[in-house]
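S.K.:
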């Protein structure tokens, strides 16, 4: 039975007034999405592929700033964590509590922390496969799963100990369940509402998926007020369930935001980085160095990807599968457009990784474009081309400095090899400041790799993160820490490689007055370690 038959089935089951009649009339050759109704070999293979691709090399990549926040929060007692999320990071509360119990059982290694995200990646890949079948496009289901498994944003989320992977899994399966519920299976509306609640609690931006679904349903279900009513009740119920997290987050100033970007930068990030690059082995301020293989590959992949997306949309609109376009395109574009416009006009909220939950839509739209190609060999070649172009990006993500150039694993390893119990450690400020209390320092390297710094005397820490319910605590300036300096004979200075010259000279003067001299140093791409002895 060809694609036209599946298209007719999708049309009938969404427009008939009798779901039972539609179910009896449905062509038995059409793949179904109800659990247990389809062979399990293909989705299991795709899910394992997605998970294994994410896991490979995950232990090699240095933990970085965002993951240090996860560790700092999750290592606390439940009471301390509860206090933290009432002061800061309520948007991540559900994920922090999950990792608190997960890491309590499996440890805080990079592999263990990222394993849930890798598992979520497998669920996303299977979800994309199931969604293609739910939309009556079983002909592109496997291609969609393969694209999802190698799409750079998805391979990035698989090695990120944050909520992006789980929220993407919730988004794709909520969309699958939405389509099942629209076929007249009313009990699935409850499951849809629960997933919307869970997704919004895990990633508040996922509430924008509800806006995308609303747009889609107003177009494809505008004549069926009963379906719209059931959807509205389920979606509203989900948002209400998640409202404590939403309201607490909105009350925490600065928790929903990012650095301001220009319109041109936002456009480039939305077109290239958001789906076709993920994170880079360069500093946060640089999304491309313009000459590395991964950088060039991301541009080529973005070109190919968008061409296939446009091809898939045009092809679907010319066929009776136009409904699939209205499910996927709002999901892909609306969240980014709304937040992007708000960021440019009002206050910065945009960051490419916030929209990871839209990546399944990108993968499936690319697959629709592949399915529109007229020859089998062209379709196979298109999948192969995507894999080839994604490979350099995938490998760059698995470099030790794959998280925006972060080199903490090397920094910690150097200290671990050379420092001795009783030595001092000075975590330098990240920002030039004259304040007596410093919030941002390089101490996150010790949060991520605490064993390397065990037994060392922290010279400047004054208020621990748990004491003031923050992620970083408070530090004093080095010049105000001479009493602690007097108790050690060796100090390990961990500071940014681009540490300001004036700050470096000021620190050196303090060490000189206390009788220290520089003995050795390690200069990394992001951080440097300097040994002072006397």
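Numbering (the working numbering), first residue to last: 2 to 535. Even for Gly, the Cβ is constructed at its ideal location relative to N, Cα and C. These figures come from a predicted structure and were not determined experimentally.
Buried or exposed: which applies to residue 283, given that a residue is buried once 16 or more other Cβ atoms fall within 10 Å of its Cβ?
M.R.: That one is buried.
S.K.: For residue 177, which three-state DSSP category applies?
M.R.: Helix.
S.K.: For residue 263, which of 351, 471 and 370 has the nearest alpha-carbon?
M.R.: The residue with the shortest Cα to Cα distance from residue 263 is 351.
S.K.: Suppose you measure from the CA of residue 522 to the CA of residue 266; what does that come to, to the nearest Å?
M.R.: Using only the alpha carbons, I get a separation of about 36 Å.
S.K.: When the Cα of residue 482 is compared with those of 437, 455 and 468, which residue comes out closest?
M.R.: Measuring from the Cα of residue 482, the nearest candidate turns out to be 437.
S.K.: Measuring CB to CB, does residue 136 end up less than 9 Å from residue 56?
M.R.: Contact flag unset, no.
S.K.: Look at the Cβ atom of residue 215, then the Cβ atom of residue 236, and state whether they are nearer than 9 Å.
M.R.: For residue 215 and residue 236, yes; Cβs fall inside 9 Å.
S.K.: Could you tell me which residues DSSP pairs with residue 541 in its beta bridges?
M.R.: There is no way to answer for residue 541, as the model of the chain reaches only from 2 to 535.
S.K.: Between which residues of its own chain and residue 204 is the CB-CB distance below 6 Å, once the five residues before and five after are set aside?
M.R.: Hits under 6 Å: 164 and 168.
S.K.: Pull up the DSSP beta-bridge partners for residue 427, would you.
M.R.: Residue 427 is bridged to 494.
S.K.: Name the DSSP bridge partner or partners of residue 438?
M.R.: DSSP output for residue 438 lists 477 as bridge partner(s).
S.K.: Specify, as a first and last residue, the run of the beta strand (DSSP E) that residue 462 falls within.
M.R.: Element bounds for residue 462: 462-464.
S.K.: Consult DSSP for residue 310 and reduce its assignment to one of helix, strand or coil.
M.R.: Reduced to three states, the DSSP call for residue 310 is helix.
S.K.: In its own chain, which residues sit with a C-beta less than 8 Å from the C-beta of residue 376, not counting the 5 before and 5 after it?
M.R.: Counting only Cβ-Cβ distances below 8 Å, and skipping sequence neighbours, we find nothing.
S.K.: Determine, using beta carbons only, whether residue 387 and residue 302 come nearer to each other than 9 Å.
M.R.: Yes. Within cutoff.
S.K.: Evaluate residue 296 with the Cβ neighbour count: other Cβ atoms within 10 Å of its Cβ, from every protein chain shown; 16 or more gives buried, anything less gives exposed.
M.R.: Looking at its Cβ environment, which holds 16 or more other Cβ atoms inside 10 Å, residue 296 is buried.
S.K.: Taking just the CA atoms, how far does residue 416 sit from residue 529?
M.R.: Near 11 Å, if we compare the C-alpha coordinates of residue 416 and residue 529.
S.K.: Who are the Cβ neighbours of residue 516 in its own chain at under 8 Å, not counting the five residues just before and after it?
M.R.: Once the five neighbours on either side are set aside, the close Cβ partners of residue 516 are 535.
S.K.: According to DSSP, residue 499 sits in a beta bridge with which residue or residues?
M.R.: In DSSP, residue 499 forms no bridge with anything.
S.K.: For residue 399, which of 45, 41, 64 and 46 has the nearest alpha-carbon?
M.R.: It is 64 whose Cα lies nearest to the Cα of residue 399.
S.K.: Using the Cβ count rule (16 or more neighbours within 10 Å means buried), how would you classify residue 404?
M.R.: The residue is buried, with at least 16 neighbouring Cβ atoms inside 10 Å.
S.K.: Along the chain, where does the alpha helix (DSSP H) that runs through residue 361 open and close?
M.R.: Here the alpha helix (DSSP H) through residue 361 covers 360-372.
S.K.: Taking the alpha helix (DSSP H) that residue 98 falls in, what are its first and last residues?
M.R.: Residues 94-107.
S.K.: At which residues does the alpha helix (DSSP H) containing residue 158 begin and terminate?
M.R.: 153-158 is the extent of the alpha helix (DSSP H) around residue 158.
S.K.: Using the beta-carbon count (16 or more within 10 Å), is residue 93 buried or exposed?
M.R.: Label assigned to residue 93: buried.
S.K.: Quick check: what's the CA-CA separation for residue 407 versus residue 199?
M.R.: Those two C-alpha atoms are separated by around 31 Å.
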